[in-house]
Amino acid sequence: MYEKTVEAITKLVKDGVVPGVSYAYIDGQRVQKGMYGAEALVPSYEPLKPNQLYDLASLTKVVGTVNVILQLVTAGKLALTDAVHSYLPEWQDTRLTIRHLMTHTSGITGYIPHRNKLTAKELHQALLGLHVGENFERKMVYSDINFIFLGWIAERILGQPIQTLITQSVLQPLGMKTSTFQPADPSQCVPTEVSPTRHLIRGVVHDPKAFVLKERCGSAGLFSTLNDLILFEKAMLSDSRQPITQAQKGALLADQTPLHHQWRSFGWALLQAKLPTPHRCIWHSGYTGTFLVLDLKTRQGMVFLSNRVHPVAPNEAFLARRNAIINTYLTEKSAYTVQ
Numbered sequence: 001m002y003e004k005t006v007e008a009i010t011k012l013v014k015d016g017v018v019p020g021v022s023y024a025y026i027d028g029q030r031v032q033k034g035m036y037g038a039e040a041l042v043p044s045y046e047p048l049k050p051n052q053l054y055d056l057a058s059l060t061k062v063v064g065t066v067n068v069i070l071q072l073v074t075a076g077k078l079a080l081t082d083a084v085h086s087y088l089p090e091w092q093d094t095r096l097t098i099r100h101l102m103t104h105t106s107g108i109t110g111y112i113p114h115r116n117k118l119t120a121k122e123l124h125q126a127l128l129g130l131h132v133g134e135n136f137e138r139k140m141v142y143s144d145i146n147f148i149f150l151g152w153i154a155e156r157i158l159g160q161p162i163q164t165l166i167t168q169s170v171l172q173p174l175g176m177k178t179s180t181f182q183p184a185d186p187s188q189c190v191p192t193e194v195s196p197t198r199h200l201i202r203g204v205v206h207d208p209k210a211f212v213l214k215e216r217c218g219s220a221g222l223f224s225t226l227n228d229l230i231l232f233e234k235a236m237l238s239d240s241r242q243p244i245t246q247a248q249k250g251a252l253l254a255d256q257t258p259l260h261h262q263w264r265s266f267g268w269a270l271l272q273a274k275l276p277t278p279h280r281c282i283w284h285s286g287y288t289g290t291f292l293v294l295d296l297k298t299r300q301g302m303v304f305l306s307n308r309v310h311p312v313a314p315n316e317a318f319l320a321r322r323n324a325i326i327n328t329y330l331t332e333k334s335a336y337t338v339q
């Protein structure tokens with residue numbers, strides 16, 4: 001099954017674009033898993049082991065923060081039209097709403113000098129001192145800041161840091177027992193970049209803002225395994241009310257941006273699948289070399305985990321190859337559509 005997609009994935013490793021890949025395809029209750037290549041090249045070669053922890057980077061947004069926010073909406077504790085200022089009074093622009101943050105249409109912009117050298121408190125203050133620019137509502141501009149703010153808003157409502165809330169509200173209910181924000185054993189983690197300042201990053205979050213903000217970061221920081229992400233995708237593809245309601249899952253297929261034509265939903269990006277009939281899918285990627293694809297209509301999904309930033313970031317050659325793999329998968333999966 002999925003011969004062409006598997007071939008494209010293994011060629012990615014053979015061509016030296018990524019050290020290795022763990023992947024899975026979900027077709028209803030049927031799951032096909034695989035792995036290929038290495039987990040580390042530096043300081044020495046290490047073959048990839050089953051079910052290692054990967055730094056998910058921005059997949060934290062859609063696995064975690066999106067679901068916490070939508071659960072708050074279901075509970076009546078938050079509305080998409082609420083002003084950010086109502087929860088973060090330090091933020092001065094009263095036009096900005098939860099929907100703007102969820103769809104990356106906030107237009108938040110500005111420069112923070114020496115950002116990665118600030119303390120958590122200093123970075124918190126600096127981010128709240130940014131401003132809304134000319135792209136407000138007019139253009140979807142992907143930014144971690146939107147989901148950092150959402151994490152702080154959830155914390156203001158529920159009284160606990162966003163990463164604690166994700167653990168309690170998403171990971172534990174779905175039985176994602178190996179997923180964590182604080183890996184206990186670095187050897188169980190696939191390494192990321194060899195940094196000039198941090199050296200080999202392994203078992204600690206790669207993202208610099210998440211590294212500073214720690215448990216108060218809703219944009220990155222989650223480590224997870226192939227098996228746990230299969231559990232997550234199966235929950236999203238099922239009739240379960242976990243991690244969000246069926247109505248909310250359906251709403252993810254709509255363009256939720258203010259202008260309704262920017263191919264962005266709540267956190268997730270939208271894709272057009274052409275087979276068996278034209279319909280929308282959702283997907284998201286992580287900077288470290290991860291992505292998820294979900295076809296909620298046909299109940300199919302793909303999990304892709306790599307460490308494309310090992311040993312050197314950013315490895316931009318990966319991006320075009322990633323997009324080609326997704327397109328191959330979208331075409332090929334129609335042969336395995338669940339009836």
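The sequence shown begins at 1 in the UniProt record's numbering and counts up by one. All C-beta atoms, glycine included, are put in the ideal place defined by N, C-alpha and C.
Just the C-alpha distance for residue i and residue j, rounded to the nearest angstrom, thanks.
i, j, result
"Trp152", "Glu7", "42 Å"
"Arg99", "Gln256", "8 Å"
"Lys333", "Gln300", "8 Å"
"Lys121", "Val84", "19 Å"
"Ala235", "Lys11", "30 Å"
"Lys214", "Pro276", "43 Å"
"Leu128", "Gly286", "24 Å"
"Thr119", "Thr60", "22 Å"
"Phe211", "Pro43", "23 Å"
"Met302", "Asn227", "12 Å"
"Ala317", "Ala75", "43 Å"
"Ile326", "Val293", "8 Å"
"Gly218", "Phe149", "8 Å"
"Leu296", "Thr197", "42 Å"
"Pro208", "Gly107", "21 Å"
"Val68", "Ile166", "6 Å"
"Thr328", "Ser169", "34 Å"
"Pro311", "Gly110", "30 Å"
"Met1", "Thr337", "12 Å"
"Arg156", "Ile9", "42 Å"
"Ala254", "Asn51", "33 Å"
"His131", "Thr164", "28 Å"
"Gly133", "Ala38", "43 Å"
"Leu72", "Phe223", "24 Å"
"Met35", "Gly289", "14 Å"
"Trp268", "His284", "6 Å"
"Glu233", "Leu252", "14 Å"
"Ser179", "Pro113", "33 Å"
"Leu101", "Ala220", "15 Å"
"residue 341", "Pro314", "The structure shown does not extend to residue 341, since the chain is modelled only from 1 to 339, so the question has no answer here."
"Ala247", "Asp144", "26 Å"
"Lys117", "Lys33", "40 Å"
"Pro19", "Ala40", "7 Å"
"Lys4", "Ala324", "11 Å"
"Ile26", "Val66", "22 Å"
So, does the CB of residue i fall closer than 8 Å to a CB anywhere in chain C?
i, result
"Pro161", "Checking the listed chains, one finds no chain C in this structure; it contains a single protein chain."
Locate the beta strand (DSSP E) running through residue i, then write down its first and last residues.
i, result
"Tyr25", "20-27"
"His284", "279-286"
"Leu294", "290-295"
"Val6", "It is not in any beta strand (DSSP E) - Val6 instead sits in the alpha helix (DSSP H) that spans 3-14."
"Phe266", "First-last for Phe266: undefined, no H or E at that position."
"Ser306", "300-306"
Helix, strand or coil for residue i per DSSP?
i, result
"Met35", "strand"
"residue 342", "For residue 342 there is no data in the structure shown, the boundaries of the chain being 1 and 339."
"Ser143", "coil"
"Gln256", "coil"
"Thr109", "strand"
"Phe136", "coil"
What are the boundary residues of the alpha helix (DSSP H) that includes residue i?
i, result
"Gln272", "Gln272 -> not in any alpha helix (DSSP H); beta strand (DSSP E) instead, spanning 269-273."
"Leu128", "120-128"
"residue 341", "As shown, the chain starts at 1 and ends at 339. That puts residue 341 outside it, with no answer to give."
Across the segment 49-60 and the segment 186-205, are there enough close Cβ pairs to call them in contact, namely three or more that are closer than 8 Å? yes
Does the segment 190-205 come close enough to the segment 133-140 to have 3 or more Cβ pairs within less than 8 Å? no
Which whole runs of the beta strand (DSSP E) in the segment 26-103 are 3 residues long or more, in chain order? 30-40
Could you tell me which uninterrupted alpha helix (DSSP H) segments, each at least 4 residues in length, are contained entirely in the segment 171-247, listed from first to last along the chain? Whole alpha helix (DSSP H) segments, 4+ residues: 208-213, 226-237.
Cβ contact (3+ pairs, closer than 8 Å) linking the segment 87-101 and the segment 161-175: no
Okay, do the segment 266-274 and the segment 33-48 touch, 3+ Cβ pairs below 8 Å being the bar? no
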